[in-house]
Amino acid sequence: MDEALRRWGRDPIPGPAEVRNQEVNMEPRKSYHMNPEDFRQHGREVIDWIADYMKKVESFPVLSQVEPGQIRASLPPDPPENGESFQRILEDVSKLILPGVTHWQSPNFFAYFPCNSSGPSILGELMSAALGVQGMLWITSPACTELETLVLDWLVDMMGLPSKFRSDKTGGGVIQDTASSGSLCALLAARERATGFKTNENGCDGRIVAYASTQAHSSIEKAVKIAGLGRRNLRLIDVDANFALRPEDLSRQIRKDREAGLLPCFVCATVGTTSSNAFDPLSETGRICREEGLWLHVDAAMSGVAAICPEFRHIQDGVEFADSYCFNPHKWMFTNFDCDCFYVADRSVLIRTLSVLPEYLKNKATESGAVIDYRDWHVQLGRRFRSLKLWFVIRHYGIEGLRHHIRRHIELAKQFAGWVRETDEFELAAPSILNLVCFRHVAGDDFNRRLMERLNSGGKLYLTHTTLDSKFTLRLCVGQTSTEERHVRLAWQEIKDAAAGLATEQTGPA
Ligand code: PLP
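In our numbering, the protein residues as written are 1 to 510.
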């Protein structure tokens with residue numbers, strides 16, 4: 001026992017009187033915290049580090065080239081007993097962590113969908129961390145709630161969304177972590193509306209059905225599983241030649257399900273699918289939902305951002321039929337992850353679906369009914385002050401600045417699509433309306449797979465793939481904050497060179 005205590009560097013456990021004495025004798029000024037002056041100094045070092053990173057990010061291999069387990073093996077297996085200098089921590093980030101980072105902020109990052117960031121967003125995030133606010137209730141930080149409500153109302157007007165999504169009408173917006181969470185909340189509210197709020201009481205009875213196209217994001221399937229509908233009750237509706245949902249197939253399936261005694265309740269339509277950036281016909285889908293009394297959720301995760309430019313607003317024609325809508329400033333609006341804006345047309349349904357009020361959260365402001373308590377608008381209780389970074393971004397760029405950069409990305413993607421169209425070796429695999437180009441080499445799946453692997457292991461760019469019409473297809477998505485024409489040109493050159501190299505290896509030199 002004594003040996004054990006010696007190892008902890010402590011005397012035997014004191015009795016109550018000794019405890020009091022010890023408390024009195026404790027060194028009152030001893031603290032392990034970083035004091036404000038040290039914070040000021042190290043904060044400057046960190047900001048310098050970030051600014052340097054932004055300047056040199058394109059010099060790193062875009063896709064991290066480490067092997068599984070390599071980063072962990074390079075780090076000490078145990079935590080330090082004694083605190084270390086900030087200098088050492090920062091050095092280790094550069095030396096040990098950076099090699100395992102895939103550089104999403106590189107201008108040569110063309111994979112998946114972007115996750116772009118910007119100076120004002122990072123600074124807003126920093127301020128949010130400093131304030132350390134937990135904005136679950138209005139009372140726990142009124143500014144956290146009221147700024148969020150204001151910024152989400154701004155965005156309704158900025159993006160040309162229906163005014164029913166504004167907080168001064170029947171609806172309102174809330175910042176969720178991700179589109180996945182937004183879609184889940186939409187489905188939960190739809191489930192409750194369809195069952196007269198009985199499912200919250202009794203659980204699902206296996207009869208509730210949801211619909212989305214075969215091209216909908218996997219988060220819809222996940223939401224269906226979490227919401228207890230059961231995966232078998234998700235109907236994936238066929239798409240047309242442009243990979244957009246076929247409304248007539250949707251109608252037919254709803255009718256069939258009703259005839260089978262099931263309860264259709266929810267349709268998710270996508271504005272810009274993940275695979276190919278297809279646009280589901282919102283007006284026709286919306287009319288079906290209205291006639292059938294189904295909840296229409298619109299998932300506009302990345303592409304919704306383009307609606308800030310009036311000339312691209314046609315992508316959301318029919319959004320006035322939507323019961324809920326979400327898009328991600330963390331994808332394409334220069335706002336660092338995470339930030340999804342989720343709107344409902346009737347907030348009372350969402351709140352009734354998710355509200356639980358234990359005694360310890362009761363307060364006069366909530367009881368007055370005069371405030372929004374965002375804890376009732378999403379799954380988790382606690383919430384960060386995310387609107388701060390979005391507010392910083394919108395105020396820094398202004399609508400004009402945001403439009404400028406979105407338009408530029410779309411122009412660059414169009415330029416790239418034009419180059420693809422001009423060659424005989426490559427073909428476009430889907431219409432390129434905004435910032436995504438789906439294309440492939442004519443030499444077939446195996447060739448395209450090897451081409452992608454070669455490009456990504458070279459480190460000069462990063463792109464990913466999908467399958468369209470059962471063919472392996474490359475995707476190049478332009479959306480990084482610092483991507484310029486030279487990066488897209490370089491990417492095209494790299495792609496052509498790598499393809500030529502592969503072709504030569506296959507057939508031998510001409
Ligand atoms: N919906 C669509 C159309 C997407 O493309 C994505 C991700 O790429 C998501 C949803 C999921 O986004 P999140 O990571 O915000 O959940």
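Beta carbons are placed, not taken as given, at the ideal position from N, Cα and C, and that holds for glycine. No experiment lies behind these values; they were computed from the predicted model shown.
Under the three-state reduction of DSSP, F327 is assigned to strand.
In this structure, the straight-line span from the alpha carbon of L451 to that of H378 is close to 42 Å. Within a 10 Å sphere around the beta-carbon of H404 sit fewer than 16 other beta-carbons, which makes this residue exposed. Residue pairing by DSSP places K471 opposite L468 in a beta bridge.
Shortest Cα-Cα distance from Y397 to any of F60, E284, S121 involves S121. The C-beta distance from A429 to L463 rounds to 13 Å, too long to meet the 8 Å contact threshold.
Positions of the beta strand (DSSP E) runs, each at least 3 residues long and wholly inside the stretch 150 to 191, are given as 172 to 176 in order along the chain. The DSSP-derived three-state label of Y397 is helix. Relative to ligand 1, the beta carbon of A179 is positioned inside 6 Å of a heavy atom.
Rounded to the nearest whole angstrom, the CA to CA distance from E485 to I495 is 15 Å. Within 6 Å of the C-beta of N328 there is at least one heavy atom belonging to ligand 1. In the DSSP assignment, the residues bridged to E427 are R440.
Not one heavy atom of ligand 1 is found less than 6 Å from the C-beta of T481. Excluding its 5 nearest sequence neighbours in each direction, I410 has C-beta neighbours in its own chain below 6 Å: L434, N435, listed in chain order. With contacts defined as CB atoms closer than 7 Å, A306 and A179 fail to qualify as a contacting pair. Within the same chain, and ignoring the five residues on either side of F266 in sequence, the residues whose Cβ sits closer than 6 Å to its Cβ are L187, A190, A210, W295.
Counting the other CB atoms within 10 Å of its CB gives A129 a total below 16, which places it among the exposed residues. Taken in chain order, the complete alpha helix (DSSP H) segments of 4 residues or longer contained in the stretch 346 to 380 are 347 to 354, 364 to 368.
Looking at the DSSP output, W295 bridges to F266. DSSP places V271 in the strand class (E or B) of the three-state scheme. In the DSSP assignment, S219 falls within the alpha helix (DSSP H) that extends over 218 to 226.
Sequence-distant Cβ neighbours of R386 in its own chain, meaning closer than 6 Å and more than five residues away, are I175, C339. A residue is called buried once 16 or more other Cβ atoms fall within 10 Å of its Cβ, and R384 is buried on that count. A straight line joining the alpha-carbon of E505 with that of F110 spans about 26 Å. Taking the CA atoms as reference points, A498 sits about 55 Å from T199.
Judged by DSSP secondary structure, V209 falls within the beta strand (DSSP E) whose first and last residues are 208 to 213. The beta-carbon distance between L236 and A269, rounded to whole angstroms, is 13 Å. This is too long to meet the 8 Å contact definition.
Taking 8 Å as the upper bound for CB-CB distance, Q65 and G459 are in contact here, some 6 Å apart. The beta carbon of R207 sits closer than 6 Å to the beta carbons of L262, L263 from its chain, once the five residues preceding and following it are set aside; these are given in chain order. Taken from the Cβ of H297, every heavy atom of ligand 1 lies 6 Å or farther away. A residue is called buried when at least 16 other Cβ atoms come within 10 angstroms of its Cβ; T466 meets this threshold and is buried. Under the three-state reduction of DSSP, F416 is assigned to helix. Per DSSP, the continuous beta strand (DSSP E) segment holding F342 begins and ends at 340 to 344. At a cut-off of 6 Å, the beta-carbon of F113 counts as near ligand 1: some heavy atom of the ligand is closer than that.
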